[in-house]
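Have a look at the structure below, then the notes.
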Amino acid sequence: MSAGDDTLPRAADPGTSVLARLSCLIVQPVLTRVVRRVAKQHPSLFSRLGPHQGTDFVIDPVELPFALHLRPDPQALVFRAVARNAAPEAGATIRGKFMLLLELVDSEEDGDAAFFSRDLEVTGDTEAVVRLRNALDDVDGSIAEETAGMFGPAGRAILARLRRAYPT
Amino acid sequence: MSLAELICPAGTPAALRTAVDAGADAVYCGFQDATNARNFPGLNFTPDELAASVAYAHDKGTKVLLALNTYPPAGKVDLWRQAADTGALLGVDAFIVADMGVADYIARTHPGVRLHLSVQAAASSPEAIRYYCENFAVKRVVLPRILTIPEIREIRKEIPCEIETFIFGNHGLMVEGRCSLTNYLTGQSTNMDGVCSPASDVEYKRHTDDSMSSQLAGFTIDCFGADEKAGYPTICKGRYTAPHRSEPYYAFEVPISLNLSRLLPDLIDAGVHAFKIEGRQRSKSYVRGVVSAFRQAVDDIRAGREANIADLVALTEGQKQTQGAFETKKWR
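First to last, the sequence lines map onto chains A and B.
Residue numbers for the first sequence follow full-length UniProt numbering, beginning at 1 and rising by one.
Residue numbers for the second sequence follow full-length UniProt numbering, beginning at 1 and rising by one.
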């Protein structure tokens, strides 16, 4: 079969760029704390990533006004919110609904099954995505719960509310 | 009644603990190298991880089976021998092997550790299975997925070892251990390097009409419409055009998973000792869901109750399932 040359990245919506930039400013301090905490608690993650510690992952929760840029380099961790039209060139992109992505991080959902159902989309370096998936899957417990716990009862309440609001 | 052991996949230490906690009788796993047939990026165990995992499993009464089920290239057997030595030192309960040289080494060097014959050996006749039993003291054969249940029953009567059959998961080509399709496009071998469609050679592309194509080593092997379920990017499940066909078609096999949940009582009655769940490349979520469901089903059957197996279709490839050749030879 021929795939043709009609492949395109998802277009940024210029109408959301102001909202995107504002959202990024609000969530960025949280993301920084989260990634540092996760890296400290789960150092074994990095060995499974192997050569892809330096890969730029763009994680795109499709219904949110921004995407996430992750470079899991233990010496210079990057986890930041970016407007889609300002995202870096991605080594790999992972795209899906926010709650699905959260549940994949926590191994509450199976990545292959989400891919089979077309709820999850992967483009770019597939090996990088497979390594990231396997690294996260080897983490015991819930990264989402840990993250919520960083913000005390309010954080846990927000997570519970998010889960109720995003039935899967 | 046979033991009906549940043999469960473990791609990472966390998946192993998940399988043990979900009720596996045994877990199977591999090292982070070419000695096993799921040599995928970021998957599998270091020796230290395997040591801790064996301890965890044994504490809970679960066996650990180490997959050494690839074929060493000529003259390069050291990696397989070292893996066997390490596995024996760490106390694994059995080795799963395909290559006769590896089997011979283990039988002579570590006679106290059980040998299971991998599906990769493709031993499907009583004569072939007896050969492995007589020469390498193989204690169990994992049967290829080409046999009907009546055929399994007949084989059982003629061999001196236990039988293990797959009951759930990825459904590959039927002459396991002899697949050269990945090799054909990528230069890497499923059977020697342990890589089926290596991720480094896989690329997905989304098109303007929301269809998605999958490529291996630059060759497009399938294209899924916007609302169509997807499968793995393997050549054997690719969709191709041909001069005699008006539409692209699955020339070898459709993306589909094996699910024998309804046949468990028949398999037990035929003398199958152990049920294998495929999927070391899958997540803890898959392991938790599938192992729990089959644990309940097997326990129900052994207690004389009717098994009420959970619906697992969401975890199947292409969200389609089959009973394959176990049900009928007409299956293609």
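The beta carbon of each residue, even a glycine, is placed where N, CA and C say it ideally should be.
Nonlocal neighbours in the same chain, by C-beta distance under 7 Å from residue i, ignoring five residues either side
i	result
V77 of chain B	G101
Q281 of chain B	G11, R38, F40, L43
Q188 of chain B	T182, V195, P198
A310 of chain B	A293
D209 of chain B	A226
F151 of chain A	none
Per-residue DSSP class, three states only, for residue i
i	result
Y184 of chain B	helix
S285 of chain B	helix
R37 of chain A	helix
G124 of chain A	strand
D78 of chain B	helix
P255 of chain B	coil
V20 of chain B	helix
F31 of chain B	strand
R95 of chain A	strand
R80 of chain A	strand
F294 of chain B	helix
K276 of chain B	strand
S44 of chain A	coil
T220 of chain B	strand
D60 of chain A	strand
Q28 of chain A	helix
R71 of chain A	strand
Q319 of chain B	helix
I309 of chain B	coil
S17 of chain A	helix
F151 of chain A	coil
R245 of chain B	coil
A303 of chain B	coil
R239 of chain B	strand
E5 of chain B	strand
A26 of chain B	strand
residue 353 of chain B	For chain B, the structure presents residues 1 to 332; residue 353 of chain B sits outside this window and is missing.
Length of the line joining the Cα atoms of residue i and residue j
i	j	result
A144 of chain A	K157 of chain B	53 Å
R131 of chain A	D137 of chain A	10 Å
I106 of chain B	F136 of chain B	8 Å
D21 of chain B	T62 of chain B	10 Å
M1 of chain A	A154 of chain A	A caution first: M1 of chain A carries a pLDDT of 44, below 50, which makes its placement in the model unreliable, though a value can still be read off. The straight-line gap from Cα to Cα measures roughly 52 Å.
N85 of chain A	D59 of chain B	53 Å
D99 of chain B	H116 of chain B	11 Å
L159 of chain A	L102 of chain A	11 Å
L264 of chain B	A14 of chain B	28 Å
F79 of chain A	D300 of chain B	48 Å
W331 of chain B	P248 of chain B	20 Å
R153 of chain B	W80 of chain B	33 Å
S118 of chain B	S17 of chain A	55 Å
V287 of chain B	A314 of chain B	13 Å
I149 of chain B	E327 of chain B	7 Å
I221 of chain B	L19 of chain A	40 Å
G271 of chain B	N308 of chain B	21 Å
residue 248 of chain A	F98 of chain A	This structure cannot settle anything about residue 248 of chain A, because the visible part of chain A is limited to 1 through 168.
S246 of chain B	P73 of chain B	42 Å
A87 of chain A	D60 of chain A	10 Å
T70 of chain B	G87 of chain B	15 Å
D190 of chain B	S180 of chain B	Contrary to the premise, residue 190 of chain B reads as Thr rather than Asp in this sequence. Looking at the two C-alpha atoms, the distance is approximately 7 Å.
D110 of chain A	V139 of chain A	14 Å
V175 of chain B	S124 of chain B	10 Å
D56 of chain A	K229 of chain B	28 Å
L68 of chain B	R164 of chain A	45 Å
Expected contact under 8 Å - CB spacing of residue i and residue j to nearest Å
i	j	result
A135 of chain A	R36 of chain A	Contact flag wrong, Cβ pair sits at about 17 Å.
S285 of chain B	E108 of chain A	6 Å
A113 of chain A	L104 of chain A	Wrong, their Cβ atoms sit about 10 Å apart, outside the cutoff.
R206 of chain B	T123 of chain A	6 Å
R145 of chain B	H110 of chain B	At roughly 29 Å, the Cβ-Cβ gap does not stay under 8 Å, so R145 of chain B and H110 of chain B are not in contact.
L258 of chain B	G304 of chain B	Incorrect: roughly 26 Å between the Cβ atoms, too far for contact.
S211 of chain B	F224 of chain B	6 Å
Other residues of its chain near residue i: CB distance less than 6 Å, five sequence neighbours each side excluded
i	result
R114 of chain B	A94, K139
P255 of chain B	G231, K237, E317, G318
A3 of chain A	With a pLDDT of only 44 at A3 of chain A, under the threshold of 50, the placement of this residue in the model should not be trusted; the figure read from the coordinates follows. The answer is none, since no qualifying residue turns up.
P72 of chain A	L49, Q53
V27 of chain A	A81
Contacts around residue i, its chain only, beta-carbon distance under 8 Å, and the 5 residues preceding and following it disregarded
i	result
I7 of chain B	A24, D25, A26, V27, Y28, L65, E164, A274, F275, K276, I277
L90 of chain B	P47, L50, A51, V54
L31 of chain A	L68, F79, R80, A81
S261 of chain B	I167, F168, A293, F294, A297, A307, I309, L312
P43 of chain A	P74
At what residue ranges does the stretch 53-131 of chain B contain a whole run of the alpha helix (DSSP H), taking only runs of 4 or more? Entirely contained in the stretch 53-131 of chain B, the alpha helix (DSSP H) runs reaching 4 residues are, in chain order, 78-90, 100-109.
What are the uninterrupted segments assigned as alpha helix (DSSP H) that are 4 or more residues long and contained completely in the stretch 141-205 of chain B, given in chain order? Counting only runs of 4 or more, we get 149-158, 181-186.
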